[in-house]
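Working notes, structure below.
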DNA sequence: TTATTTAATGTAATCGTTTGCATTTTATTT
DNA sequence: AAATAAAATGCAAACGATTACATTAAATAA
């Protein structure tokens, strides 16, 4: 470990230039592999740079270039399986292109989300990728990005109202219909539904999908068995207790995330309700927990890495291609397919 | 949604200054709440700033201040429960102090880790927080930070050799002894051990803790039942098959992470081995999956948010206090306690 | 050899904020 | 009213890299 604290003054290209008797411009060009510099001096410059312990100053070059090479990302929480996978895939892709990801968590708070949007706006991120907080219904904290023409992509939890940004979402409507159909095919007519709040696009669409399919099958969703709330384990248990407090009990539960589905399985176990004989359960997201619990849970896979690839592709396009940015009014919305993973709870 | 693309030229403090007939210096001071500016002009300036749609340019101010207000973070993978919780806690704390976190994943690749360290070094992060990749044994890619006196903190997976950085680690040795003692107290003498590679501090220390305690109890760890490898589910299954292929079978398994412990429970279920009667299992990390599987797994909790608090505290100290940085040679290492969470597999 | 390209390097302004050191204005004291 | 102190603002030089637009040097053509 050769640590020397003596030579700790930061060197700039000017220092390299002086040491070599050339101009700073030459050094800059040499370091950036500009073809206008001869092979010989390029080599001399690079060697001297290493010798002096030079490091590129990205603040200075960002200022000059008006590009930070940083992409902002706002997610509800990184601990959500879907988002963790998404982030990893997105990050790997962007790293290859020389971009860094600034990952921020809203913790599902609208206020935090607003603050983060402003911070990232001031930080001059080159683009912003967002999955909205649970109750975000006003999007004006993103207006700055729109106004300045800074690429803005929503994924997964996207605006429910018309907003001039790019959108890449899972096929939540389809997910709702798949789950509904599956339960109907299993012969269920009494279905309980634990959903997230309808302010959030994904739950809204899943709900619509489910309802449409139930209507077609002439099955009605009992009000007393429908919950629209934050999908925590605690809330799930409360709802489950309510559901099973009455005379009549449902034949199936559609849980709009796997945390809730897991809670349902545990609840059933505690109550001695047999799954899937007496109660069928279907979750959403294909969280690893869904496959570990007994019985393993049937759920809907949202393919987070496919979504990340699409986001990365669109992002890099917008970043590279001014034309893409200007003519982006058409084709601003993409839908990523979902698939059911059938396991032992249905 | 009032979107107007016309006024899209970026305004600077100079523009505000001109519009108000004052100097840029005054505007800068007013915006930064410098007390040398009168209340009246401060107000005028701030109003005009909003009117013109001004946004602070952090590149310019970073350049001038030589501070990026960005903290770099390198973790193996954010999808690991321990790290996800850690990141969230750290981020929340740093956000309050006006710092942003640049979260990067090494994917447990030494090469990626090196690249990230260099990128973050050039990006001029104000400090770097690192949990090392599985096989990192050379730390020279962090030398730049040391040389420049940039705060560098390792947490969880820390250097095993002496390295002049700050270290905040879990009490892995203790974790190893706790697990070992617990199994011995349960009457186990034939113990299988599935660990991560010993290049990684946490596994090294857990192993030492376990071995010391077994030696004291005069229990020997059979070579054929010891594995030091990347702790994936696949590897776990392979090891488990090997362990149970022979005549003799162990009474207990100490799995050095919960992914492996989960695999062990599933393996036992598949093989019809009764837990905990015929086989006891103890894991490490208190991953949510450990409590969901049946039977729920006894495991060691590392208290990731306590660790995050300690890291944040030390970090902010180093960042604020030049003195702390210079006199940091003493007191460079902290140990965060661990606790056992007893469940149904022991 | 001289004229003309082409290659290699240099000059200087620019990006937007910040801040030490004036200078001006206003308030207070004698 | 003059002298002094205090408050408010301005000037100008950084910070370090980049890049149009020269300029010089070397290579090729006439």
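Protein chains in written order, with the working numbering: chain W, 1 to 346; chain P, 1001 to 1346.
Yeah, the Cβ is synthetic: ideal placement off N, Cα and C, and Gly gets one too.
Just so you know, these numbers come straight off a predicted model, no measurement behind them.
Residue environment, residue i, which counts as buried when at least 16 other CB atoms sit within 10 Å
| i | result |
| --- | --- |
| residue 333(W) | exposed |
| residue 1014(P) | exposed |
| residue 1187(P) | exposed |
| residue 1050(P) | exposed |
| residue 1018(P) | exposed |
| residue 301(W) | buried |
| residue 126(W) | buried |
| residue 35(W) | exposed |
| residue 277(W) | exposed |
| residue 991(P) | Residue 991(P) is absent from the structure shown; chain P starts at 1001 and stops at 1346. |
| residue 9(W) | exposed |
| residue 343(W) | buried |
| residue 196(W) | buried |
| residue 1283(P) | buried |
| residue 1007(P) | Low confidence applies to residue 1007(P): its pLDDT is 48, below 50, so where it sits in the model is not reliable, and the reading given next is rough at best. Result: exposed. |
| residue 1113(P) | buried |
| residue 1003(P) | Any reading at residue 1003(P) must be qualified, since the residue scores a pLDDT of 39, below 50, and its modelled position is unreliable; the value itself is stated next. Exposed, since its Cβ has fewer than 16 Cβ neighbours within 10 Å. |
| residue 1239(P) | buried |
| residue 230(W) | exposed |
| residue 1347(P) | For chain P, the structure presents residues 1001 to 1346; residue 1347(P) sits outside this window and is missing. |
| residue 1005(P) | Only weak support exists for where residue 1005(P) lies, its pLDDT of 36 falling under 50; the coordinates are left without a value. |
Identity of the residue in the options nearest residue i by Cα
| i | options | result |
| --- | --- | --- |
| residue 1247(P) | 1224(P), 1228(P), 1253(P) | 1224(P) |
| residue 266(W) | 40(W), 236(W), 256(W) | 236(W) |
| residue 1105(P) | 106(W), 90(W), 109(W) | 90(W) |
| residue 286(W) | 304(W), 39(W), 196(W) | 304(W) |
| residue 241(W) | 293(W), 344(W), 307(W), 268(W) | 268(W) |
| residue 123(W) | 1056(P), 1308(P), 1065(P) | 1056(P) |
| residue 154(W) | 345(W), 312(W), 58(W) | 312(W) |
| residue 1191(P) | 1318(P), 1244(P), 1084(P), 1142(P) | 1244(P) |
| residue 1054(P) | 1028(P), 1160(P), 1217(P) | 1028(P) |
| residue 1218(P) | 1239(P), 1184(P), 1234(P) | 1184(P) |
| residue 1317(P) | 1166(P), 1156(P), 1037(P) | 1166(P) |
| residue 347(W) | 292(W), 194(W), 288(W) | Here chain W has residues from 1 to 346 only, and residue 347(W) is not among them. |
| residue 1092(P) | 1282(P), 1158(P), 1081(P), 1309(P) | 1309(P) |
| residue 259(W) | 251(W), 292(W), 205(W), 113(W) | 292(W) |
| residue 88(W) | 1025(P), 1148(P), 1262(P), 1108(P) | 1108(P) |
| residue 256(W) | 250(W), 249(W), 220(W), 298(W) | 298(W) |
| residue 1086(P) | 1239(P), 1220(P), 1130(P), 1070(P) | 1130(P) |
| residue 156(W) | 182(W), 250(W), 253(W), 82(W) | 82(W) |
| residue 228(W) | 250(W), 254(W), 163(W), 159(W) | 254(W) |
Near the ligand MN: residue i beta-carbon under 6 Å from a heavy atom
| i | result |
| --- | --- |
| residue 112(W) | This structure lacks the ligand MN; in fact it carries no ligand of any kind. |
- Message: Would you call the stretch 1209 to 1223 of chain P in contact with the stretch 1266 to 1273 of chain P, where contact means no fewer than 3 C-beta pairs closer than 8 Å?
- Response: Segment contact: the stretch 1209 to 1223 of chain P against the stretch 1266 to 1273 of chain P, fewer than three CB-CB distances shorter than 8 Å; contact not assigned.
- Task: Scan the stretch 1057 to 1112 of chain P and note each continuous alpha helix (DSSP H) run of 4 residues or more that stays entirely inside, going in chain order.
- Result: Within the stretch 1057 to 1112 of chain P, the complete alpha helix (DSSP H) segments at least 4 residues long are 1058 to 1065, 1081 to 1096, listed from N- to C-terminus.
- Count the CB pairs spanning the stretch 1172 to 1189 of chain P and the stretch 1334 to 1346 of chain P that are closer than 8 Å, and state whether there are at least three. Counting Cβ pairs under 8 Å, three or more are found: they touch.
- Task: Output, in sequence order along the chain, the residues in the stretch 47 to 75 of chain W whose CB is closer than 7 Å to any CB in chain P.
- Result: Residues passing the 7 Å Cβ filter: 55, 56, 57, 58, 59, 60, 62, 63, 68.
- Taking three-plus beta-carbon pairs below 8 Å as touching, is the stretch 1108 to 1125 of chain P in contact with the stretch 1071 to 1078 of chain P? Two segments are said to touch when three or more pairs of C-beta atoms, one from each, lie closer than 8 Å; by this definition the stretch 1108 to 1125 of chain P touches the stretch 1071 to 1078 of chain P.
- Query: In chain order, what residues of the stretch 1292 to 1304 of chain P put their CB closer than 9 Å to some CB of chain W?
  - Reply: Against chain W - using a Cβ distance shorter than 9 Å - the residues of the stretch 1292 to 1304 of chain P are 1292, 1293, 1294.
- alpha helix (DSSP H) runs contained entirely in the stretch 1265 to 1315 of chain P, provided each spans 4 or more residues: DSSP runs (the alpha helix (DSSP H)) wholly in the stretch 1265 to 1315 of chain P: 1288 to 1292.
- Query: Do the stretch 1096 to 1115 of chain P and the stretch 1158 to 1176 of chain P meet, that is, are 3 or more Cβ pairs less than 8 Å apart?
  - Reply: These segments do not touch.
- Query: Taking contact to mean at least 3 C-beta pairs separated by less than 8 Å, is the stretch 1126 to 1144 of chain P in contact with the stretch 1194 to 1201 of chain P?
  - Reply: Yes: the two stretches touch, three or more of their Cβ pairs being nearer than 8 Å.
- Task: Note down, one range per segment and in chain order, each alpha helix (DSSP H) of at least 4 residues found wholly within the stretch 1002 to 1043 of chain P.
- Result: 1013 to 1020, 1024 to 1031, all fully within the stretch 1002 to 1043 of chain P.
- Item | Length-filtered (3 minimum) beta strand (DSSP E) runs lying within the stretch 1229 to 1269 of chain P | Correct list: 1252 to 1255.
- Message: What ranges does the beta strand (DSSP E) occupy inside the stretch 1099 to 1174 of chain P, keeping only unbroken runs of at least 3 residues that lie completely in it?
- Response: List check, beta strand (DSSP E) in window: 1100 to 1105, 1127 to 1130, 1152 to 1155, 1166 to 1170.
- Message: I want to know whether the stretch 1039 to 1053 of chain P touches the stretch 87 to 98 of chain W - three or more CB-CB distances under 8 Å.
- Response: Cβ pair count under 8 Å is below three, so no.
- Task: Give, in chain order, every residue of the stretch 1103 to 1115 of chain P whose Cβ lies closer than 7 Å to some Cβ of chain W.
- Result: Per Cβ criterion, the list reads 1103, 1105.
- Task: Give the residues from the stretch 131 to 152 of chain W that approach chain P closer than 9 Å (Cβ to any Cβ), ordered along the chain.
- Result: Correct list: 139, 140, 143, 144, 146, 147, 148, 149.
- Message: Using a Cβ-Cβ cutoff of 9 Å, what residues of the stretch 27 to 48 of chain W are near chain P? List them in chain order.
- Response: When C-beta distances to chain P are compared with 9 Å, every residue of the stretch 27 to 48 of chain W stays at or above that value.
- With 7 Å as the C-beta to C-beta threshold (strictly closer), list the residues of the stretch 238 to 263 of chain W near chain P in chain order. Listed by position, the residues of the stretch 238 to 263 of chain W near chain P (Cβ gap below 7 Å) are 262.
- What are the residues of the stretch 186 to 206 of chain W that lie near chain P, defined by any Cβ-Cβ distance shorter than 8 Å? Going along the stretch 186 to 206 of chain W in chain order, one finds no residue with a Cβ nearer than 8 Å to chain P.
- At least three beta-carbon pairs within less than 8 Å, the stretch 140 to 150 of chain W to the stretch 1139 to 1156 of chain P: The count of Cβ pairs closer than 8 Å, one atom from the stretch 140 to 150 of chain W and one from the stretch 1139 to 1156 of chain P, stays below three, leaving the stretches out of contact.
- Query: Just by C-beta distance, which residues in the stretch 271 to 293 of chain W are closer than 7 Å to chain P?
  - Reply: Going along the stretch 271 to 293 of chain W in chain order, one finds 288, 289, 292, 293 with a Cβ nearer than 7 Å to chain P.
- Query: Along the stretch 1081 to 1093 of chain P, what residues have a CB closer than 7 Å to any CB found in chain W?
  - Reply: Here the close residues are 1084, 1085, 1087, 1088, 1091.
- Contact residues within the stretch 1010 to 1025 of chain P, judged by C-beta distance below 7 Å to chain W: Sequence-ordered contacts of the stretch 1010 to 1025 of chain P with chain W are nonexistent [C-beta pairs closer than 7 Å].
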